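Each residue of the sequence shown is one higher than the one before, counting from 4 in the working numbering.
In this text, a Cβ means the ideal position worked out from N, Cα and C, and glycines have one as well.
Since the model is a prediction, treat every value here as computed from it, not as a measurement.
Here's the structure, in structure tokens; my notes come after.
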Amino acid sequence: MMDKLKNSSGIDPAFLEFCQALANKNRQRILFEIFTDKSEHKVGEIAEKSGLAISTVSEHLTQMKKAGILSSRRADNVVFYKVNKEGISQFLRHIETWLSCC
């Protein structure tokens, strides 16, 4: 299992991407203030609730989806985002593996 955590630099790039996605204060706010209800949300709704521009929210959501924090689905021309439980669980497994090696 430890092999999955390491590459030539010593850390799984997906793990780093997850950490970097959560390092941004606006992404933390989006995740912990808006997605606390565990529901799906549209970009415009997230922008309105966060007070950020739609383009800014869209960039943050893209980073969070790429990192496995969020998932999305499209219905016609509307994209809905929700918490990616499996992606977050995988991140937690990485942490558990790292802790067991120390």
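Cα atoms of Phe-35 and Ile-72: separation of roughly 12 angstroms, rounded to the nearest angstrom. Setting aside the 5 residues that flank it on each side, Gln-31 has no residue in the same chain whose C-beta is closer than 6 angstroms to its C-beta. Collapsing the DSSP output to three states places Leu-73 in a strand. In the DSSP assignment, Phe-21 falls outside any beta strand (DSSP E) and lies within the alpha helix (DSSP H) extending over 16–25.
Straight across, the Cα-Cα distance linking Ile-98 with Gln-66 is about 20 angstroms.
Between the region 16–29 and the region 68–84, the count of C-beta pairs closer than 8 angstroms reaches three or more; the two stretches touch. For Val-46, no pairing in a beta bridge is given by DSSP.
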